[in-house]
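K.L.:
Quick note on our numbering: the sequence shown kicks off at 978 and runs consecutively.
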Amino acid sequence: MAAGTIDYLYVEANEGDSSGGHVALRFGEETYHFQQESPGILRIRRHDAAAFHHIYAMLGNRTIHESRIAVSDDTYSLLREAFARLLAIQDAQADRREALRHDSELFELLLRRATSLTRPSATLSPEGARVVGPQERGDGEIQLPVSGLGYFGKEGAPSDGDLPFSPAVAALRGRIVATYGDSFLVERAERARMAIQQLELRAAGKQAAISRDSYPIFSPTVATRYDDALHALMAVKMLQRGAPLRSGAYWTPEGDLFKLRPREVEALKRSARQLEDDLVRLAASQRGDWGVPFLLGIARLEAIEASLDRGRLVLLDIFDPAVKLPANQDAALRPYLPMMESDLRKVFLQKKERFFAEKGFSEAAYALMERSGNLLLDVERAKRTGTSLRAVPQKAFPSRAATVSVPLPGHPDQAALLREEEAARAAEREYAAELNGLYGYDLFHRNCVTELFAVINRTFSTAGGAEGAGSVATAGRQGTPREESEKRLGGFVDASQGLDFIPFISAAVVENNYKVVESRDLPSYRAARLAEMKAHEATLKVFLRESNTITSTVYRPGPGDSTFLFFTDDNLPLRPLFGVVNLLVGLGQGLIGVVTMPVEGPDRFLSGTKGVLFSLPELVFINLRKGSTAYVEGSADRGDGAAVKGR
């Protein structure tokens, strides 16, 4: 799509997330929207346009109403940059929240250690999760999980199933020593140890107030500096030991799909040389956070070496072995494993060919191949063995952790640690309150609609007067947000007033106020399939078969769907009657759930209760529930997590 239009998207309601409807703004291939996320914060998100459509229209089974708004190139760029800037600002602010939480956890750990408490406590984890029960040693070290170390054999020595000591890592170590001197690695490790020992144990002080308009600059917290020093120390240790890849931390797939052709072997050899060059430079980096990418680089270098040795791709396992999909999601996907496998094979082949088409080593292309290969292999294993599917990690790079003995900073007295822990908790609370003040979700005053228009109008409040804002020629001609909006978009929308905060009303307001040059509906998965059927079958036959969840050939119930019998989104005249039946079905399911709860748990009861709640609007001709879709053909070809919810 050319830069001459932007698209306002209204997504119809359905049970689950955004049950009252949702809105977004699309700029070409980028779609921006706001989502409520824990802990009650409204976050801006960016999706590839095709992925957004797939998540909401296909898997979410929601029709999307699109209003195409004519804009100048200047306005297009101005608004797109404003949304991208807010995304970067919010991401940095969220990272700070995690850093402060890690600070609190570190001081809690140190305080418990200083007071010799042995009961389980919350400790730092590489993913920001709480880990229970650190094991203190008598030599000033403690057992903690460190991200990235899960790819290497314990203590750097191979055991049953591990790959042998790596010649590639030995060669890398030799090049680093030849480049920087015999004492380089020893000195690098000693600097990391000294950084840990001399770490100033002070909680983060008061920072400047955060804003949605300016990128935040924060000083590293104690936990961040500690984490950086630990990873630097472990990176040097793994390099010095030539640590092999650990059994179970990599895939050795069979089959022709993973077999390397002669030209691919040569390409991998070139990639290995380039990756080695990059790691030699990274080893001398002055950045504090160099250890994490260095560990990942060593692991990938070993995987490439193993691939060349075996003549087929060996890939790091990007999954956390302990994090499975919830049972209801896994069960919903089981019938579609063959379809998922077929889709994922096509995607992996595409990513593989793209990587080997690169002239040099492309880390981004390799990561996409690695990720798509992991998704395929996990589905194949689940299909073959019946094991649960694992939850796909959100991070773009592998970060498997291992629990190892690590040094802890100093031995400050208990009173000082208690003081700093209290200060860290206070800083965490104060910052969370600031974030909530800026972005806290409120159904009526701060939701996905109000925030989207707030960004638009706030952008226009700082823009120059006419097109070409910001130039010397237009300086001094700045208008009000309303005037700017009327010039650039043809009208003004303030979703903080009246009922415009409601998604479907906002769509009508956009149609009536902005320069909308085209409107169209993007049908939901079920609506599109029914239209295809009616083109080849009798309408009555399609209606009778597809109107209910029992005989429908289209409905593939998602894991969060409530209990119901009849679809009412396309049956307005019969909606109240169907609603009565759905109400009775939900009530019956809920009553059965009460009886079976001691044996089955609460899922049946909750499904029935939700069924009753979403049936009530149908009694007065209002449809919210449409049923979601567990899996759709082609879902695998969505690179940003759109394949299935949770995967």
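Think of the CB as a built atom: it goes at the ideal place given N, C-alpha and C, for glycine as much as any other residue.
1. Considering only the alpha carbon of each residue, which of ASN1434, ALA1304 and ASN1525 lies closest to GLY1468?
2. How far does the alpha helix (DSSP H) with ARG1592 in it extend, from its first residue to its last?
3. DSSP state of VAL1291, grouped into three classes?
4. Express the C-alpha separation of ILE1119 and LEU1083 in angstroms, rounding to a whole number.
5. For LEU1002, write down the residues that DSSP places opposite it in a beta bridge.
6. Can you name, in chain order, every residue of its own chain whose Cβ lies under 6 Å from the Cβ of THR1008, other than the five neighbours on each side?
7. Rounded to the nearest angstrom, what separates ASP994 and SER1605 at their Cα positions?
8. Name the two residues that bound the continuous alpha helix (DSSP H) containing PRO1239.
9. Rounded to whole angstroms, what's the CA-CA distance from SER1339 to ILE1032? Just pull it up for me.
10. How far does the alpha helix (DSSP H) with ASP1050 in it reach, from first residue to last?
11. Roughly how far, in whole angstroms, is the beta-carbon of PHE1555 from the beta-carbon of GLY1588, given that I think they are within contact range, below 8 Å?
12. Ordered along the chain, which non-local residues of its own chain (more than five positions away) have a Cβ less than 6 Å from that of GLY1133?
13. For the beta strand (DSSP E) that contains LEU1121, what are its first and last residues?
14. I want to know whether the stretch 1052-1064 touches the stretch 1420-1435 - three or more CB-CB distances under 8 Å.
15. Closest by CA to ASN1489, which one among ASP1477, PRO1500 and ASP1498?
16. Can you find the residues in the same chain that come closer than 8 Å, C-beta to C-beta, to ALA1186, ignoring five residues on each side of it along the sequence?
17. Excluding the 5 residues flanking ALA1261 on each side, which residues of the same chain have their C-beta closer than 7 Å to its C-beta?
18. Which residue comes first and which comes last in the alpha helix (DSSP H) that contains ALA1145?
19. Should the stretch 1384-1393 be called in touch with the stretch 1357-1367, which here means at least 3 C-beta pairs below 8 Å?
20. Taking buried to mean at least 16 other C-beta atoms within 10 Å of its own C-beta, is ALA1334 buried or exposed?
21. Quick test of your reading: ILE1041 and TYR985, contact by CB under 8 Å. State the CB separation rounded to the nearest angstrom.
22. Could you check whether the stretch 1252-1266 touches the stretch 1226-1243, counting it as contact only if at least three pairs of C-beta atoms, one from each stretch, sit closer than 8 Å?
23. With a 10 Å radius around its C-beta and 16 neighbouring C-beta atoms as the bar for buried, classify VAL1609 as buried or exposed.
24. Reducing DSSP to helix, strand and coil, say where VAL1213 ends up.
25. Nearest CA to the CA of ILE1482: which residue from GLY981, VAL988 and GLU1347?
26. Using only CA atoms, which one of GLY1005, LEU1583 and ASN1559 lies nearest to GLY1570?
27. By how many angstroms is the C-alpha of LEU1178 removed from the C-alpha of GLY1414?
28. In terms of residues, what are the limits of the alpha helix (DSSP H) holding ARG1396?
P.N.:
Walking through what the data contain:
1. ASN1434
2. Arg is not the amino acid found at residue 1592; the sequence shown has Ser there. It spans 1580-1592 - the alpha helix (DSSP H) in which SER1592 sits, taken as one unbroken run.
3. coil
4. 12 Å
5. TYR985 and TYR1009
6. ALA1001, HIS1024, ALA1026 and PHE1029
7. 11 Å
8. 1239-1260
9. 28 Å
10. 1050-1091
11. With 8 Å as the limit, PHE1555 and GLY1588 do not qualify as a contact, their Cβ atoms being about 13 Å apart.
12. In this prediction, GLY1133 has a pLDDT of 48, which is less than 50 and means its spatial position is unreliable; what the coordinates show is noted afterwards. ARG1218 and ALA1220, listed in sequence order.
13. 1118-1124
14. yes
15. ASP1477
16. GLU1411
17. TYR1157
18. 1144-1157
19. no
20. exposed
21. Actually they do not touch by this definition, with Cβ atoms about 11 Å apart.
22. no
23. buried
24. helix
25. VAL988
26. LEU1583
27. 29 Å
28. 1391-1416
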